[in-house]
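One structure below.
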Amino acid sequence: MLQRSELENPLKLLPSHLAVMLENLPRDISSKICEIRLRTGRPLTLTLTDSTIIPDREMTVTPKDIELTSARAFRYSMHSSAAQLCEGYAAWCGGIRVGISGTASLDGGRVMNVRDISSLNIRIPREITGCADEIFNSCFNVRPISLLIAGEPSSGKTTFLRDLARLCGGIYRTAIIDERSEIAAMVSGVPTNDVGIMTDIFDRYPRKAAIETAVRVMSPQVLICDEIGSAEDIASLEYICDSGVALIATCHCGSLSELSDKPNISKLLARGIFDTVMLLKDRAVHEIRNAGDLLCLAR
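FYI, in the UniProt record's numbering the residues of the sequence shown are 1 to 299.
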């Protein structure tokens, strides 16, 4: 459950009147907050672990509320955070990620800037120690395996990945590719989440560069990265496999049968990158399959 102290950093992003409203919520609600959503001209909404609520329908979010929260999320320096802005998010302290939508400025089809920000989604990371104990004890007790964790958005993939990092990093040399500072939540070079004593973190690196550097200079036994699936990922992840490093990664998917409909994931399965595939639903393990069995079913 989310502790009051875990709301401290997210509340620092908000204008005072919105922060006070959330501070005064009953414990049984505040402990379940996963997302704080601000939309211009509409009430603030909260995504809980089991529902979505509107704390106060009369208190609408103003453009100034959005402007102040955005400025704080980007540490009052939109220019130095241009790359994150164009990718639609801001990485803030404690592993918090702020999703952004607005009006895109394009150049040749590429997003060069985002103006008139109209919606913000403050995602609150959860460190649930022990949630990966069962899968770790059954699959990683002899040697590290390559594991793909599938699930829909907000199914708990990153939370599960973080706990696996803690467990793997306790006995194996582990490298985390933390492009958005969500797994280790580094602050001034120190992880604020427990990701294991034998873990090296590549914070905010581009994925390809981080993978190549990690394998070359840190000789990991396990490499961890979040949200794979692009065409650019294939060569880098094959490089991991060819280097004899176990890979733990996540991908967006509603069911294991859907993996065959994702061409890049299918290529990785066909290449034998993963030993085991696991599906999360509602923040719990729903299904575990041998990766080879999934490949046979897809044919």
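Glycine included, each C-beta is placed from N, C-alpha and C at the ideal position.
Look at the alpha carbon of residue i and the alpha carbon of residue j, and state the distance between them as a whole number of angstroms.
i: P144; j: I54; result: 44 Å
i: S230; j: N264; result: 6 Å
i: A90; j: P26; result: 28 Å
i: C225; j: R180; result: 10 Å
i: T159; j: A132; result: 9 Å
i: Y239; j: V217; result: 14 Å
i: H79; j: N137; result: 46 Å
Starting from residue i, trace the alpha helix (DSSP H) in both directions and tell me its first and last residue.
i: residue 328; result: With the chain running from 1 to 299 in the structure shown, residue 328 is simply not present.
i: T199; result: Careful: T199 lies outside any alpha helix (DSSP H), inside the beta strand (DSSP E) at 199-203.
What does a CB cutoff of less than 8 Å around residue i pick up in its chain, not counting 5 residues either side in sequence?
i: L7; result: L22, E23, S30, I33, I124
i: L256; result: A150, V277, L279, E287, R289, L294
i: T129; result: D163, R166, D194
Count the other CB atoms, across all protein chains shown, that sit within 10 Å of the CB of residue i; report buried if there are 16 or more and exposed otherwise.
i: P63; result: exposed
i: L106; result: exposed
i: D97; result: The amino acid at residue 97 is misidentified as Asp; the sequence shows Arg. Classification for R97: buried.
Can you find the residues in the same chain that come closer than 6 Å, C-beta to C-beta, to residue i, ignoring five residues on each side of it along the sequence?
i: R166; result: D194, V195, G196
i: E152; result: G254
i: S266; result: S260
Which first and last residues belong to the beta strand (DSSP E) in which residue i is found?
i: G99; result: 97-107
i: K281; result: 276-281
i: R123; result: 110-123
i: T174; result: 174-178
i: G151; result: 147-151
i: Y76; result: Where Y76 is concerned, there is no enclosing beta strand (DSSP E), given that its DSSP letter is neither H nor E.
So, with DSSP's three-state summary, where would you put residue i?
i: P10; result: helix
i: M1; result: Summary for M1: the model assigns pLDDT 43, below 50, so the residue's position carries little reliability, and this model does not support an answer.
i: H286; result: strand
i: A83; result: helix
i: I33; result: strand
i: C225; result: strand
i: L237; result: helix
Residues in the same chain with beta-carbon distance under 7 Å from residue i, minus the five sequence neighbours each way, listed in chain order, please.
i: L237; result: I228, L247, L268, I273
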